[in-house]
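Residue numbers (full-length UniProt numbering): 1 to 731.
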């Protein structure tokens with residue numbers, strides 16, 4: 001609780017990563033404070049009452065956890081919108097010692113709680129990163145409560161910038177960092193300037209000094225432990241990033257958006273529509289069917305989607321949703337994975353998306369393929385949520401194979417240990433949101449090895465978001481390990497013109513953009529890169545220098561690292577900003593992963609420990625379809641346009657898209673190609689093919705999963721669908 005000497009305790013931030021038991025630690029603390037006196041006074045307790053404020057979806061979870069760990073020794077009142085108990089009963093009665101209430105409900109009864117007798121001695125804010133500004137109503141409402149002891153629980157305390165960190169820290173330890181303007185001048189501005197690409201040596205040194213100073217004054221109030229320690233107590237976990245080939249329809253529509261006048265205006269500095277355009281490309285990366293509603297609905301105003309792609313409606317088989325996964329490379333790969341999991345294992349799967357429209361389409365696809373499923377999103381009633389979760393966790397895969405989950409509605413607090421495979425269909429600009437969603441299955445109570453798949457459509461907006469996340473994660477992790485914080489822009493809506501020029505590009509000459517930018521010398525067969533092996537051996541992060549060499553002596557001459565757009569990475573010997581070392585430093589965290597080039601390497605089976613992906617890669621290698629002689633849309637879009645009314649118009653549209661498809665993007669030819677003399681062409685790859693895989697390289701995980709794969713191979717594939725869940729079997 002941040003106790004210093006003889007002074008009264010103030011507060012703390014419990015910033016453990018997801019799945020490490022922040023709830024249990026908090027319950028233990030509350031019970032201790034209710035039962036013991038931490039000071040030299042006659043009282044038999046430190047506090048008499050406590051309030052836990054959390055998202056409404058977590059109220060019942062807190063009630064269940066208190067009952068599980070304390071039985072009836074602590075009287076807890078939960079206000080979840082359905083309870084007949086009221087806040088006044090808690091405030092004026094000694095019956096209940098703990099109140100669990102949602103943020104929105106608390107705002108309506110803060111005055112009543114301010115008069116509570118006995119007074120409230122502790123405030124706990126679950127998912128406390130909501131308190132990221134002192135000016136929001138959510139933060140201001142706590143001014144009405146006189147409780148000095150305050151705790152923030154957040155597995156993702158650093159999401160955007162240092163001023164948000166200041167607001168959270170000032171909430172638990174008021175005044176410790178001074179006034180906001182002083183903090184900004186002393187800490188935030190120097191640290192942010194030191195992270196800007198091209199910062200001077202003096203700015204870098206000042207930023208480093210201020211970061212260390214900030215760490216010193218805050219570290220005793222912040223407790224941060226990473227999920228790595230779960231490897232000692234939970235089944236192994238394998239994380240993979242799967243790059244898949246888009247469909248011809250996706251490529252054609254994607255290029256049409258990039259060739260539009262609206263994108264040209266954005267690149268020239270008119271960013272009025274950049275968020276709408278980014279949204280179109282993000283949805284297109286999932287499936288073209290996500291754009292159908294805007295293209296078909298003529299009742300409203302002319303949307304950006306209709307303005308750019310209005311004449312492309314006839315390229316779809318029908319003007320209505322058909323739930324055809326073949327229109328999307330990503331969904332094609334997804335259905336291959338699901339089929340392998342269903343046929344070869346008894347595992348269940350959680351599918352996560354940031355778009356409810358994606359969940360709608362997935363629901364239709366699952367119905368057509370006759371896979372059982374359940375769903376939880378923002379429209380799910382509060383009273384039904386826990387029942388859905390509990391039923392899914394209890395049922396076998398034959399009863400409920402897939403759990404469709406909205407990242408926004410179910411990214412926090414849910415325990416989905418009934419599944420041991422989670423697939424993230426699309427990424428958020430904020431890596432914290434993805435981390436929350438991906439932590440739903442690898443938690444206390446999980447009995448099976450866990451597999452987490454992040455799916456990216458190669459060369460598209462998916463990879464640009466992933467690259468931006470790598471920058472944020474690297475900075476945040478390195479500073480949080482020291483108890484500090486990171487600086488940065490808000491990821492979702494702050495882009496420089498340079499960023500936008502990079503974002504609105506399509507890369508078709510490499511199976512994995514980040515690997516091309518990394519200029520990794522690995523063979524692509526899954527062996528840990530040299531720098532990654534050195535880092536693992538040393539128990540630390542990969543070195544930025546080539547082959548893991550110590551280049552600390554050279555770092556003083558280098559500029560500070562910030563987010564570098566992919567356009568900056570096109571090889572250009574005349575540009576000092578494009579040094580290979582710069583790219584490696586920016587993407588150094590990828591050296592902690594194994595790299596699998598599924599288009600080239602001949603011995604993937606030796607290192608690719610996920611039997612599902614291994615089987616799919618082997619299948620696509622055996623198929624080796626004959627590619628078209630030239631990169632046209634005939635195989636994809638043309639195949640969708642059968643003879644009939646409007647055939648001439650369809651032919652004109654197809655011809656136009658074919659002309660667009662044959663225009664190389666700027667910088668893709670000649671000596672400046674990202675992958676040098678590579679002959680790779682994504683146009684010639686079967687849609688849905690797995691092109692490249694990153695797999696988290698952890699020795700213990702790899703060993704255990706490999707042993708499980710051997711055991712499964714020896715046991716055969718005859719496990720019945722209704723069998724009691726046990727160790728995963730692999731293809």
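Yeah, the Cβ is synthetic: ideal placement off N, Cα and C, and Gly gets one too.
Check: Compute the Euclidean distance between the alpha carbons of residue 97 and residue 48, then round it to the nearest angstrom.; Outcome: 7 Å
Check: By a C-beta neighbour count over all protein chains shown, 10 Å radius and 16 as the cutoff for buried, is residue 117 buried or exposed?; Outcome: exposed
Check: Provide the residue span of the beta strand (DSSP E) that contains residue 244, from first to last.; Outcome: 237-244
Check: In whole angstroms, what separates the C-alpha of residue 578 from that of residue 196?; Outcome: In this predicted model, residue 578 has a pLDDT of only 40, less than 50, meaning its place in the structure is not dependable enough to derive any value.
Check: Between which two residues does the alpha helix (DSSP H) carrying residue 515 extend?; Outcome: 513-518
Check: Which class does residue 432 belong to by DSSP, given the choice of helix, strand or coil?; Outcome: helix
Check: Please return the same chain residues whose Cβ sits closer than 7 Å to the Cβ of residue 193, not counting the five positions on each side in sequence.; Outcome: 199, 203, 207
Check: Closest to residue 80 by CA distance: which of 620, 393, 72, 381 is it?; Outcome: 381
Check: Given residue 353, which residues of its chain have a CB within under 6 Å of its CB, disregarding the five upstream and five downstream residues?; Outcome: 359, 425, 426
Check: Where residue 410 and residue 128 are concerned, what is the direct C-alpha to C-alpha distance, given to the nearest angstrom?; Outcome: 16 Å
Check: In the DSSP assignment, the alpha helix (DSSP H) including residue 598 goes from what residue to what residue?; Outcome: Premise fails: residue 598 is in no alpha helix (DSSP H) and is neither H nor E.
Check: Output the distance between the C-alpha atoms of residue 105 and residue 112, rounded to the nearest integer angstrom.; Outcome: 12 Å
Check: Apart from the five residues on each side of it in sequence, which residues of its chain come closer than 8 Å, Cβ to Cβ, to residue 733?; Outcome: Shown here, the chain extends from 1 to 731; a query on residue 733 therefore has no answer.
Check: Rounding to the nearest angstrom, what Cα-Cα distance links residue 20 and residue 230 in this structure?; Outcome: 7 Å
Check: Roughly how many angstroms lie between the CA atoms of residue 696 and residue 147, to the nearest whole one?; Outcome: 44 Å
Check: Thinking C-beta only, is residue 110 closer than 8 Å to residue 145?; Outcome: yes
Check: Assign residue 378 to one of two classes, buried (16 or more other C-beta atoms within 10 Å of its C-beta) or exposed (fewer than that).; Outcome: exposed
Check: Terminal residues of the continuous beta strand (DSSP E) containing residue 455?; Outcome: 450-457
Check: Enumerate in chain order the residues of its own chain whose CB-to-CB distance from residue 51 is below 6 Å, with the five nearest sequence positions on each side excluded.; Outcome: 99, 120, 123
Check: In the DSSP assignment, what are the bridge partners of residue 222?; Outcome: 13
Check: Please classify residue 305 as buried or exposed, where buried requires at least 16 neighbouring CB atoms within 10 angstroms.; Outcome: buried
Check: How about residue 680 and residue 510: do their beta carbons lie closer than 8 Å?; Outcome: yes
Check: Assuming residue 77 is part of the beta strand (DSSP E), what are its boundary residues?; Outcome: 76-79
Check: Residue 439: which of 452, 284, 447, 345 sits nearest, CA to CA?; Outcome: 452
Check: Taking the alpha carbon of residue 683 as the point to measure from, which residue in 178, 694, 508 has its own alpha carbon closest?; Outcome: 508
Check: Where residue 443 and residue 593 are concerned, what is the direct C-alpha to C-alpha distance, given to the nearest angstrom?; Outcome: 22 Å
Check: Quick one, are the C-beta atoms of residue 13 and residue 133 less than 8 Å apart?; Outcome: no
Check: Smallest Cα separation from residue 614: which of 688, 693, 366?; Outcome: 693
Check: Would you call the CB atoms of residue 514 and residue 463 closer than 8 Å?; Outcome: yes
Check: Using a threshold of 8 Å, state whether the C-beta atoms of residue 366 and residue 349 are closer than that.; Outcome: no
Check: Given that a residue counts as buried once 16 or more other Cβ atoms are within 10 Å of its Cβ, and exposed if not, what is residue 88?; Outcome: exposed
Check: Is residue 328 near residue 250, with beta carbons less than 8 Å apart?; Outcome: yes
Check: Hey, out of 218, 201, 255, 393, whose CA is closest to residue 168's CA?; Outcome: 218
Check: Using a threshold of 8 Å, state whether the C-beta atoms of residue 599 and residue 467 are closer than that.; Outcome: no
Check: Whose CA, out of 342, 186, 102, 228, lies closest to the CA of residue 212?; Outcome: 186
Check: Tell me whether residue 505 sits in a helix, a strand or coil according to DSSP, three-state version.; Outcome: coil
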